[in-house]
Amino acid sequence: MNKSDLILKLQDRNDFLSKKDIEDSLNTLIDYISYSLSKNARIEIRGFGSFSVRKRKKRLARNPRSGKSISVPEKYHPYFRSSKALKEALKK
């Protein structure tokens with residue numbers, strides 16, 4: 001499911017909201033999560049999961065074409081941890 005599919009599903013379940021309102025709300029949510037993660041904040045949605053930022057350490061890697069070792073600098077990446085409730089729902 002992609003973003004436009006999600007918007008259509010939400011519109012089917014909430015016929016009193018326009019597609020534009022749903023799209024704006026979803027964009028606002030995504031923008032806020034992105035902004036919060038850029039500030040290294042943790043976002044928790046109870047019953048769903050939490051978003052946070054993790055740091056990958058500096059490491060050596062190999063260039064597949066030349067075979068030479070290259071240094072990959074440390075970098076930050078988004079991380080999602082699902083809640084127990086979500087994990088249980090997926091088991092069913």
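Quick note on numbering: the sequence shown equals residues 1 to 92 in our numbering.
For every residue, glycine included, the Cβ atom is placed at its ideal position computed from N, Cα and C.
Have a look at the options and flag the residue whose alpha-carbon is nearest the alpha-carbon of residue i.
i     : options                    : result
PHE80 : MET1, THR28, ASP21, LEU37  : LEU37
GLU74 : ASN40, LYS57, SER83, ALA41 : LYS57
SER34 : ASP21, PHE51, ILE45, ILE22 : PHE51
ILE30 : HIS77, PRO64, LYS3         : LYS3
Spatial neighbours of residue i within its chain, please: CB distance less than 8 Å, with the 5 preceding and 5 following residues excluded, ordered by chain position.
i     : result
LEU86 : GLY47, PHE48, GLY49
Quick one: Cα of residue i to Cα of residue j, how far?
i     : j     : result
LEU10 : VAL72 : 41 Å
LYS19 : LYS91 : 32 Å
ARG62 : ASP24 : 43 Å
LEU26 : LEU17 : 13 Å
TYR32 : ASP5  : 21 Å
LEU60 : ARG42 : 29 Å
MET94 : ILE7  : Since the first and last residues shown for the chain are 1 and 92, residue 94 lies out of range.
ILE22 : GLU44 : 21 Å
Beta-carbon within less than 6 Å of residue i's beta-carbon, same chain only, minus the 5 sequence neighbours each way: which residues are those?
i     : result
ASN40 : VAL53
I want to see whether chain B comes within less than 8 Å of residue i, judged by CB atoms only; does it?
i     : result
SER82 : The structure shown contains no chain B; it is built from a single protein chain.
- request: Would you mind listing the alpha helix (DSSP H) stretches within the stretch 2-69 that are 4+ residues and don't spill past its ends, in chain order?
  value: 3-13, 19-38
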